[in-house]
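Residue numbers (the working numbering): 32 to 150.
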């Protein structure tokens, strides 16, 4: 479990008990440990193959991928129904930052609740 915590937490953002509870719950749903040594596998993600409504959320201080790479991915997405949100002051797990959690949630909620071009 301890080795898996790096997948879900940023030290100092949430207390150890909350991090442990989050990790325990995440492992119940998916017990696999991601190998962050193979980030090049994400290069296989082809936006031109994505034709469904898509929301890309990026933490401004994400060390896994740059804003430029996220922009490239976003612009390549074939769906016209897409949105891109950059959450300021956050690393990769933007949902774990208490001060920005409402912005993260409102980004998701507003995307899900919008019309998506349907009449």
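We treat Cβ as the ideally placed atom computed from N, Cα and C, and that holds for glycine.
- Judged by DSSP in its simplified three-state form, residue 120 adopts coil rather than helix or strand.
- In the structure shown, the three-state DSSP call for residue 83 is coil.
- A distance below 6 Å between beta-carbons, with the five flanking residues on each side excluded, links residue 95 to the following residues of its chain, in chain order: 123.
- Here residue 90 is buried: its Cβ has 16 or more other Cβ atoms, across all protein chains shown, within 10 Å.
- Counting only residues of its own chain and dropping the five nearest sequence neighbours on each side, residue 105 has a CB closer than 6 Å to the CB of 87, 115.
- DSSP places residue 109 in the coil class of the three-state scheme, outside both helix and strand.
- In terms of CA proximity to residue 53, 126 leads the group 139, 98, 126, 77.
- CA-CA distance, residue 60 to residue 146, rounds to 31 Å.
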